[in-house]
Every structure is written in structure tokens, then in C-alpha cells.
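So the sequence lines, in the order shown, correspond to chains A and B. No gaps in the numbering here: position 425 of the first sequence is 425 in my numbering, and each next residue is one more. No gaps in the numbering here: position 298 of the second sequence is 298 in my numbering, and each next residue is one more. All C-beta atoms in this analysis are idealised placements derived from N, C-alpha and C, irrespective of residue type, glycine included. Inspection log for the structure reproduced underneath, given as C-alpha cells.
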Amino acid sequence: MNTVQFKDISISFGSCSVLENVSLNIKSNSVHCILGENGAGKSSLMKVLFGMYQPDSGEFFINGKIVHFSSPLDSINMKIGMVHQHFMLISDFTVLENVILGNEITDGLKINFSGIRSILSDIINKYNLGLDLDSKISDLSISSQQKVEILKLLFRDSEILIFDEPTAVLSPVEVKEFFKIIEEFKRNKKTIILITHKLNEVKLIADRVTVLRKGRVVYEEDITDCNIDLEKLALAIVGESRVSIAVDKSSENLTNEIVVRLNNIDLYKNSVKILDKMNLSLRKGEVLGICGVEGNGQNEIAEIITGLEKNFEGEYKNKNVNVSMVPDDRISKGMISQFNVGENIYLKNGKKFIASSELLDDFSDKTITEYDVRLTNNKASLGSLSGGNQQKVIIAREISAGNEVLIFSHPTRGVDINATAFIHSKIIEERNKNRAVLLISSDLDELISLSDRLCVLFKGKIIRTFESDELSSYKSDNKVSLTPDIEIKKEKDNQLFELLGKLMIGMAD
Amino acid sequence: MDLISSIVSLTFIAQVIRLMTPFYLGASAANFSERGGVINISIEGFMNLSAFSFAVFSIATGSILLGFIMAIAINLLFSLLFAYFTVKLKLDQIVTGVGFNLLSAGITKFLMVYIFKSSSNTERFEGLPDLNFFESIPILGSIFSDYITIFTFALIFISGFVLFKTRFGLRLRSAGENPWAAESLGVNVRKYKVYGILISGFLSALAGMWLASNQNSYSDGMIAGRGYIALAAMIIGKWKPVNIFFACLMFSAFEALEISLQVSGTDIPAQLIQMLPYLITVLVLIGFIGKTRPPAADGVPY
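Pasting the structure below:
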């Protein structure tokens with residue numbers, strides 16, 4: 001039986017068509033994955049189902065009945081719940097307050113806190129969410145925040161659960177935990193819709209997969225026993241424009257001179273030890289990968305190198321180099337959403353006092369052509385671009401500053417396959433220019449394929465360093481495949497992958 | 001010697017607590033609006049308007065009750081207009097607030113000359129009736145001698161309860177913290193913002209009436225910056241009802257001190273003391289209370 005049925009849904013903003021005659025059936029009590037590149041229309045389709053967008057034409061059915069949603073409230077009343085890509089949480093509220101907002105159970109005038117508490121504790125135990133109802137959202141990790149979002153849906157008895165790129169911000173261990181929750185949903189007869197970029201996740205969890213490209217359904221397949229042709233799926237996603245650039249890591253003109261060195265550095269924040277006797281050196285002409293679950297000190301290392309963090313003990317040496325950084329959270333740390341491409345670049349790289357429109361146009365034209373940024377018009381604000389295109393602009397800005405040291409923190413998070421390949425090629429290009437690159441990531445494929453040396457970070461300490469010869473002994477060949485999701489990994493690569501996965505969570509030494 | 005003994009006296013303390021009334025009402029007025037995400041700097045203007053309309057309607061009709069009702073009604077209309085500009089039209093809240101302060105001052109000045117043929121004072125009127133309930137008790141009797149002061153004390157607990165224990169409060173605060181998240185959960189954000197502003201209008205009406213009652217007349221400029229000090233008290237009190245109460249006590253202590261100084265006729269100029277509340281505000285904000293954080297979406301049109 002179909003829980004949700006879309007029939008010929010079309011939507012367009014101005015002259016830009018986002019969805020074209022999309023028809024799609026979602027079976028009840030199943031996990032349905034929706035795949036596609038950035039801007040393929042996945043999020044828009046889900047926003048239609050959640051009552052945030054109204055389709056221009058077409059209709060959709062819930063449990064066989066035609067429905068018209070004019071706001072999220074209509075959708076919530078039909079027991080549909082959505083976890084947005086950017087969480088909808090109030091950071092100054094507690095977990096409890098966030099969960100009950102809009103659905104408060106009252107006892108006379110007063111909110112019935114004790115009754116609500118017992119309901120919520122039951123749900124938390126049932127799904128093993130491990131949340132403290134009284135902690136403030138601003139004190140929680142990203143993965144706990146996601147669990148708060150899940151708790152919100154469960155508190156409202158949602159039967160259809162929509163997740164917009166839920167694993168983009170999670171580490172491999174957290175992803176496993178998340179999938180366990182999804183399986184528990186299925187056991188409880190719920191219907192789950194997952195939007196994702198990651199093909200291996202589809203293989204693990206999906207019952208059915210639909211691929212959208214440029215606002216159309218281009219591929220659909222039922223998955224039984226994890227049998228799926230990833231190659232075919234990947235082709236469907238990227239379409240005819242599939243790129244598979246393999247960039248050679250050249251060894252010419254590389255000096256391997258140490259430019260940044262952290263010597264026995266200890267760092268405390270609110271009397272919690274964040275970095276523990278940290279030793280790290282970064283050389284010219286290398287990509288140094290930092291592998292680890294988020295929150296093990298990665299950000300602090302980056303902050304010490306960029307000079308934001310000064311309250312550490314120990315020795316920090318830097319050969320008078322300038323540092324560029326691509327931050328992990330591009331929207332809040334990397335750009336000014338209201339500014340356009342040219343303005344965002346001028347802000348950092350503009351040397352002239354007067355920001356003439358010629359100068360700004362020059363900046364933006366250069367970036368748009370060189371980095372293949374796709375936008376509706378050259379003056380569009382950066383906030384209106386898709387995630388992959390925003391990231392390209394930020395990377396363009398940081399690279400074109402021409403600094404000797406580059407830090408990339410989760411450079412391809414929430415970015416589609418094509419853009420990922422492009423960003424990877426740019427990172428290698430910088431390395432080949434004898435620049436020092438620090439790559440912080442939780443995507444093991446990315447780390448394995450790009451790094452010359454690789455450090456595993458656990459609880460503020462580097463517990464293992466793979467030097468370049470050791471790393472290459474694991475790799476089957478030195479060609480970097482830039483479509484890591486698609487590539488069926490060679491056996492040795494797999495060994496390294498598993499070893500890293502264990503090291504990250506402190507299960508191996 | 002005289003001065004010191006007058007400060008430590010019980011009458012002085014009673015004075016401090018009574019003078020706290022308009023500050024706390026004004027600060028709560030601003031707080032209810034800001035908790036919903038609307039910065040309301042026109043508390044001064046709201047207080048001025050209600051003091052004026054209370055006096056005018058009380059004198060014209062001879063009924064204090066009618067004056068009371070009219071003052072509240074006019075302030076609610078005025079705040080509805082403020083809500084129309086800031087919530088419906090999404091105008092800049094600071095600019096709108098400045099506009100309303102100027103408008104309030106202008107209207108009252110104009111009507112003073114038009115009605116009373118005087119630009120400074122109305123004739124005297126009785127003001128709100130005294131509360132005789134606590135009269136026989138020595139200290140309490142002089143503190144709780146009017147209904148509005150009693151209500152103000154109750155308000156410390158009422159606003160704490162409303163903001164943190166009720167559905168209304170949770171939704172109001174969500175509108176001030178993250179209206180987008182609130183809307184995604186089906187909360188009608190704009191409705192709550194308007195409620196916040198209306199409460200603001202009501203509470204500042206009480207503050208204005210208390211001041212007019214206290215001097216048994218309305219005079220031009222009588223609010224004398226208390227609306228702005230109330231805003232400072234709200235910030236020093238970190239938008240929390242109990243903390244705001246202590247901030248207001250501090251300001252009313254300075255006002256009482258100023259009065260004592262004038263009465264005792266010392267050489268310290270009263271202007272110096274008048275300056276102190278502002279100086280203290282700055283000092284307190286610089287370092288004594290740590291970081292204050294307004295509601296995250298405070299002042300953001302939604």
C-alpha cells in the first residue's frame with residue numbers, strides 16, 4: 001500500500017523550474033531513499049510534502065486521500081514530520097522545551113511538565129536516544145541535536161518521517177547509531193523518507209530508491225538484500241556530465257619544508273582538556289589528513305594555526321606564513337549570506353580601498369568561470385545558492401588569497417558528487433604548488449584518497465600517524481580516484497578503511 | 001549626619017520600594033515585547049501617553065475609574081498601531097520606537113495647550129484611591145499604599161510563571177528566539193508578537209498612571225527618562241523577572257537618594273545624583289554582571 005503518492009507535481013520559482021511532473025509512490029512501512037545532486041529538487045519535493053511549498057500543478061495523496069497543505073501545521077496534523085538539513089532548534093531552550101513547543105500538554109494554565117517528562121523518557125528509552133531533557137541545545141553535539149529533532153517527531157506520533165541529508169553531519173560511528181534508530185522506526189510500522197548524497201548508505205538501509213535529476217525522476221529501483229548496482233545508480237545521479245578526473249600527485253618542486261609545528265600543546269576549555277600533548281608538523285607540498293570523530297580537538301588545532309586560539313600551553317612555531325581556512329560550517333563561519341559572490345571575495349582578497357562595481361564584477365566573473373559556479377544571475381546573494389556552489393565560492397576565495405598554508409575543514413560536507421570531485425582536484429592542485437594543506441574530515445574515503453600523511457585524532461591526542469610510505473603500502477595504486485563513493489574499493493584500501501574506523505572510536509591501537 | 005540617618009531610616013526604604021513601581025512596570029513591559037522578539041524602546045512614550053490620558057479623562061469625566069479604563073484602552077490602541085508597523089509592515093523596530101516616542105511627546109504637548117491652555121501642567125486631580133488594607137501595619141502600610149504597587153509585586157511572580165511555566169510563555173519566547181523553528185512547529189509567530197506588544201502597552205499604561213497619580217497631575221516631561229531607565233533595568237536584569245526587580249531597586253534607590261539630598265539641602269548637587277543611574281548602568285554593563293544575551297531573534301523583523 002502507498003502511504004504517499006505524488007502525481008505530476010510541478011513547481012517553479014520565476015523562470016527556474018524546480019520540479020517537473022514528478023510522480024512518485026512511497027510504500028508504507030518502508031525506507032525510501034531519494035537521491036540526486038545539489039539542486040536536483042529533492043528538498044523541494046519534501047517541502048511540498050511538509051506543506052512549506054505549494055505545487056504549481058499536480059496533486060498528492062496521503063493514505064489514498066487527496067490532500068492540500070497550506071502550511072507545515074496541516075502536514076503535522078496528518079502525522080508527517082520532517083528533520084530539516086539545518087536543524088530547526090532554539091539554542092537557548094532546553095531539550096524538553098524544544099520538543100514540546102507547539103504541542104504543549106497543559107494542566108489548567110500550567111504546562112504539565114511531569115506528565116510530559118514521563119512520556120518523553122519512555123520514548124528516549126524505547127529508541128535508545130540517550131538525551132537529557134534539561135540540557136540546553138547550545139551545549140549539545142550535532143548528533144545529539146539531531147536526536148532532539150527525532151524526539152520532536154516521535155512526541156507528535158509522526159507516522160511519515162522525512163530526513164533531509166541526516167548523515168551529512170555525522171561521523172561513521174554516529175551514522176551507524178542513526179541507522180539503528182531508523183531500523184527501530186521500521187519495526188514500529190513507520191514510513192521513512194531519506195534524502196541523501198551517499199550511495200553506500202542507500203545500499204545499507206533503503207527498500208526503494210528514487211533518483212531525481214534536474215527536477216525529474218530519472219531512476220527508480222527496489223532493493224532487496226542489499227543488491228544494488230551502485231555504478232548504475234551513480235550514473236543516474238550525475239547523468240551524462242559524469243566527471244572522473246584522476247589527478248596525479250606530482251612530486252616535482254616539492255620542498256617538504258616544515259612550516260607549522262605544534263610542540264607539546266595542551267589546551268583547556270572550561271577546565272576540560274581539549275588537546276593533550278599535541279605534536280603536529282605540517283610541511284610544504286603535502287596534504288596532512290586529520291581523521292577523527294568530530295569534537296576530538298580538530299577545530300582547536302585549526303584555531304591555533306589560524307591564530308584564533310591563543311590560550312594554550314606549549315610551543316607553537318610558524319615560519320611567518322599566512323593561513324587560509326575553509327571552515328566546517330560554511331553558512332555561519334564562511335560567508336555573508338546576504339552578499340553576492342564578488343562582495344564575499346572582495347571582503348577577504350580586495351586590496352583596493354574603493355570597491356568599484358568593475359572590481360567586484362571582475363572578482364565574481366573570474367570565480368564563476370574558473371570554479372564553474374552555477375547561479376541564476378551573477379549578482380545573486382550567496383545564501384540563495386546551493387550548498388555545493390557556496391562551497392566552491394568559499395574555496396575559490398581562500399585559494400586565490402595565495403597563502404602558503406591552507407586548512408580545509410570538511411570541505412565536501414553536503415556537497416554533490418560532481419562538486420566533490422572538483423573540490424578534491426583543487427586541493428591536490430594546491431598541494432602540487434608546494435603549499436601546505438591540512439585536511440580535516442570525517443569522510444574516510446576522502447582522507448584516504450587525498451592525504452600524503454594521515455593522523456588519527458582521539459580525545460585530543462594523535463594516537464596514530466600514517467607516514468606516506470605506510471599509507472601508500474595500503475593503497476593499491478597512487479592514482480587518486482575522485483569519485484570515492486562510486487569506486488568499489490580494492491581490498492587493501494578496505495583494510496585501511498576499517499583500521500581507521502576502529503582507531504577513530506578508540507577501539508584499536 | 002542628617003543625610004545618613006535619613007538614608008538608613010525605614011521611611012527611606014519604603015520610599016525606595018514605592019519608587020521601584022514605575023521602573024518595574026516599564027521594564028516588564030519592555031521585557032514581554034522583547035521576549036517575543038520585538039524591541040520596544042517607546043516605553044517612555046507609552047508611559048507619557050497613559051499618564052496624560054489618565055489625567056485628562058479623570059478630570060473631564062470626574063471619574064477616576066473611567067480615566068483608568070480610557071488610559072488603558074488608548075495605550076492598547078497605541079500598541080496595536082506599534083504592532084501594525086513592526087509586525088505587519090516589518091518596519092525597523094528602533095526607528096518605529098523613536099517615532100512613537102516623538103509622536104507621544106508631540107500629541108500630549110499639543111493637546112495640553114489645546115485643552116488646558118497651558119503647556120506645562122494640568123489642573124490637580126485626585127489620582128488612584130489609596131489602599132487602606134495594610135494601614136495598621138507600620139512598614140507594610142507605607143509601602144503597599146496603592147493598588148498598582150501591590151500588583152507590581154505580584155507581577156514579579158506572575159511574569160515568571162507566564163514566561164516559563166505556560167504554553168503562552170513558551171511560544172512567546174520561541175518567537176523571540178527562533179521564529180523560523182517555531183513556525184515549523186505550527187506556532188503562529190506573529191500572533192504571539194502582537195500579544196507581547198499589547199502586554200507591553202498595558203503594563204506601561206499602569207506605570208504612567210502611577211506616576212500621574214503620585215503627583216496628582218500631569219505635567220509635560222514628567223516621565224523624565226524612566227522609560228529608558230526601565231530598558232536599562234531589563235538589560236541588567238538579563239530579561240529575567242526576578243533579576244529585573246533587583247535592577248529596578250537599584251535605580252529607585254538612586255531616585256530616593258536624590259530626593260533625600262534635595263530635602264536635606266547638602267552641598268552635593270542633585271544633578272550629580274541624577275547622573276548616577278546612567279553611569280551605573282554603563283559600569284554594570286561593562287563588567288559586573290557578565291555577559292547579557294538578549295533573545296536571539298530580538299529586533300529581527302519576522
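Query                                                                                                                           : Result
Cα-Cα separation, B/S58 to B/T122                                                                                               : 11 angstroms
Near-chain A residues of the stretch 176 to 189 of chain B - C-beta to any C-beta below 8 angstroms                             : E177, N178, W180, A181, A182, E183, S184, L185, G186, V187
CA-to-CA distance, B/F157 to B/Y84, given in whole angstroms                                                                    : 30 angstroms
Residues that A/R453 bridges to, as DSSP identifies them                                                                        : A/L288
Identity of the residues DSSP links to A/G81 by a beta bridge                                                                   : A/L161
CB contact flag (A/I223, B/K165, <8 angstroms)                                                                                  : no
Contact set between B/L170 and chain A, taken where Cβ atoms lie within less than 8 angstroms                                   : E97, I100, L101, E104, I111
A/A419 and A/R213 closer than 8 angstroms at C-beta                                                                             : no
Where A/S244 falls, given that 16 or more other Cβ within 10 Å makes a residue buried                                           : With a pLDDT of only 41 at A/S244, under the threshold of 50, the placement of this residue in the model should not be trusted, and no figure is reported.
Test: B/T166 CB closer than 8 angstroms to a CB of chain A                                                                      : yes
Beta-carbon proximity of A/N296 to A/L129, cut-off 8 angstroms                                                                  : no
Beta carbon of A/I305 nearer than 8 angstroms to that of A/V341                                                                 : no
CB of A/L444 within 8 angstroms of CB of A/L500, strictly                                                                       : yes
Residue interval of the alpha helix (DSSP H) (run including B/Y383)                                                             : Any property of residue 383 of chain B remains undetermined from this structure, which presents chain B solely from 1 to 302.
Proximal residues to A/S250 (C-beta, below 6 angstroms), its chain only, five neighbours per side dropped                       : N432
Cβ-based neighbour list, A/D266, same chain, cut-off 8 angstroms, excluding 5 preceding and 5 following                         : K273, L275, D276, K277, M278, F312, E313, G314
Residues of its chain near A/K426, where Cβ-Cβ distance is below 7 angstroms and the 5 sequence neighbours each way are ignored : I395, I399
Buried or exposed by the 16-neighbour rule on C-beta atoms within 10 Å, applied to A/R117                                       : exposed
Identity of the residues DSSP links to A/V326 by a beta bridge                                                                  : A/F408
8 angstroms Cβ cutoff, A/P166 in contact with chain B                                                                           : no
Limits of the alpha helix (DSSP H) - the one that B/A60 falls within                                                            : 43 to 61
Contact the stretch 62 to 75 of chain B vs the stretch 8 to 21 of chain B: 3+ CB pairs below 8 angstroms                        : no
Inter-residue Cα distance where the pair is A/T376 and A/V326                                                                   : 24 angstroms
Nearest-angstrom Cα separation, counted from A/C455 out to A/S441                                                               : 11 angstroms
Burial state of B/L285 (16 or more Cβ within 10 Å)                                                                              : exposed
Nearest neighbour of A/S71, chosen from A/L96, A/F87, A/L49 [CA to CA]                                                          : A/L49
Beta-carbon neighbours of A/M46, restricted to chain B and to distances below 8 angstroms                                       : Correct list: empty, because the minimum Cβ distance to chain B is about 13 angstroms.
Paired residues, beta bridge with A/L282 - DSSP                                                                                 : A/V260
Cβ shell of A/I124 (< 6 angstroms), same chain only, five flanking positions each side left out                                 : L131
Alpha-carbon spacing of A/Q5 relative to A/K379, whole angstroms                                                                : 38 angstroms
Contact list for A/D92 against chain B, beta-carbon separation under 8 angstroms                                                : E177, R293, P295, A296
Member of A/Y268, A/R374, A/I182 whose CA lies at the smallest distance from the CA of A/N29                                    : A/I182
Cβ-based burial, B/Y114 [other Cβ within 10 Å; buried from 16]                                                                  : exposed
Local Cβ density within 10 Å of A/D372, reported as buried at 16 or more and exposed below that                                 : exposed
Buried or exposed by the 16-neighbour rule on C-beta atoms within 10 Å, applied to B/A30                                        : buried
Per-residue burial, B/A270 [other beta carbons within 10 Å of its own, 16 or more giving buried]                                : exposed
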